[in-house]
Amino acid sequence: MMERTRKRGLIFLALAAAIVLAVAVLRGCTGCAGAGPVAKSVADRLLPAPQRTVWARCPAPGTHSDSYQDASGSSTNYVYDVEAATEDGRHITVTIILFGREASGEGWLEIDARGTSGVHYQSVAEDEVPQVARTALGDG
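Numbers given in our numbering equal positions in the sequence shown, counted from 1, plus 116.
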């Protein structure tokens with residue numbers, strides 16, 4: 117039993133090292149825009165990372181931290197690093213990717229995050245955001 121647990125740990129470490137190496141290589145790759153946020157998202161999904169629901173204001177248009185062409189080349193995906201808060205008011209910066217459009221800057225987002233990557237997100241009304249989270253983000 118102990119040996120199997122040890123092997124699993126080594127596999128996770130090898131996977132993490134491979135992802136870090138791939139991100140380091142791709143960051144210097146011309147034409148590989150978007151590889152960093154995508155690799156980070158994949159790592160957060162594969163490695164044991166905490167899952168939580170957080171809330172954030174919808175980012176303003178033009179405030180994306182990165183953008184890249186989608187696989188078909190027909191539209192642009194926008195990467196945002198948003199300041200979010202948990203229902204108990206803890207701050208966390210979460211990366212979300214909007215596919216084919218920029219953020220509107222209006223309203224609030226409820227984000228299901230794994231690690232620091234947004235896995236799912238949806239627009240919600242302000243009254244659906246916990247008061248403690250709104251206060252933590254300066255809108256209480």
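From the three backbone atoms N, C-alpha and C, an ideal C-beta is built for every residue, glycine too.
So, is residue i buried or exposed, given that buried needs 16 or more other C-beta atoms within 10 angstroms?
i      : result
Ile127 : exposed
Arg217 : exposed
Gly231 : buried
Can you tell me where the alpha helix (DSSP H) with residue i in it begins and where it stops?
i      : result
Ala249 : Gln247 to Ala252
Check residue i in the structure and name its three-state DSSP category.
i      : result
Arg120 : helix
Asp186 : coil
Asp255 : coil
Thr192 : strand
Ala130 : helix
Glu199 : strand
Asp204 : coil
Glu226 : strand
Starting from residue i, follow the beta strand (DSSP E) in both directions and report where the run begins and ends.
i      : result
Thr209 : His207 to Phe215
Is the segment 164-177 touching the segment 185-192, taking contact as three or more C-beta pairs under 8 Å? no
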